[in-house]
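Undergrad: Before I ask anything, let me first share the structure, which is written out below as structure tokens.
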Amino acid sequence: MFSCEEGAWSIIDAAIKKYEQHFHDEFPIYEYIDVTKSDDFDFSIPGAKRLAILIDKHIKENELVHVPSDYHSRLY
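Quick note: the sequence shown uses our numbering, first residue 3, plus one each step.
What follows is the structure, given as structure tokens:
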């Protein structure tokens, strides 16, 4: 089970939608929990803002994020 700080998911969701609309590809959110986490939450507000910046950078550079080959076969 993942924990989410109130207000963080709306930031994350908007960033992911922006990524997926730009690249027409699924964003691997669970691969980027290290970006979104804090001491108290898996999805924190500061982490959500970091993720939004990361996604904006990839969109600006027109470069997909790295997705490990086994990402879709993992259980989370």
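Where a beta carbon is used, it is the ideal one built from N, C-alpha and C, also for glycine.
What are the complete beta strand (DSSP E) segments, minimum 3 residues, inside the segment 3-28?
TA: Within the segment 3-28, no complete beta strand (DSSP E) run reaches 3 residues.
Undergrad: Taking the alpha helix (DSSP H) that Val-67 falls in, what are its first and last residues?
TA: It is not in any alpha helix (DSSP H) - Val-67 carries neither H nor E in the DSSP assignment.
Undergrad: So if DSSP puts Phe-45 in a beta bridge, which residue, or which two residues, is it bridged to?
TA: Answer by DSSP bridge pairing, in chain order: Cys-6.
Undergrad: Just tell me which of Val-37, Pro-30, Asn-64 and Ile-18 has its CA closest to the CA of Ser-71.
TA: For Ser-71, the nearest C-alpha among the options comes from Pro-30.
Undergrad: Assuming Ile-47 and Ala-17 make a contact with CB atoms under 8 Å, what is their CB distance in whole Å?
TA: About 13 Å separates the two Cβ atoms, so there is no contact after all.
Undergrad: For Ser-12 and Phe-4, I'd like the C-alpha separation in whole angstroms.
TA: Roughly 15 Å separates the two Cα atoms.
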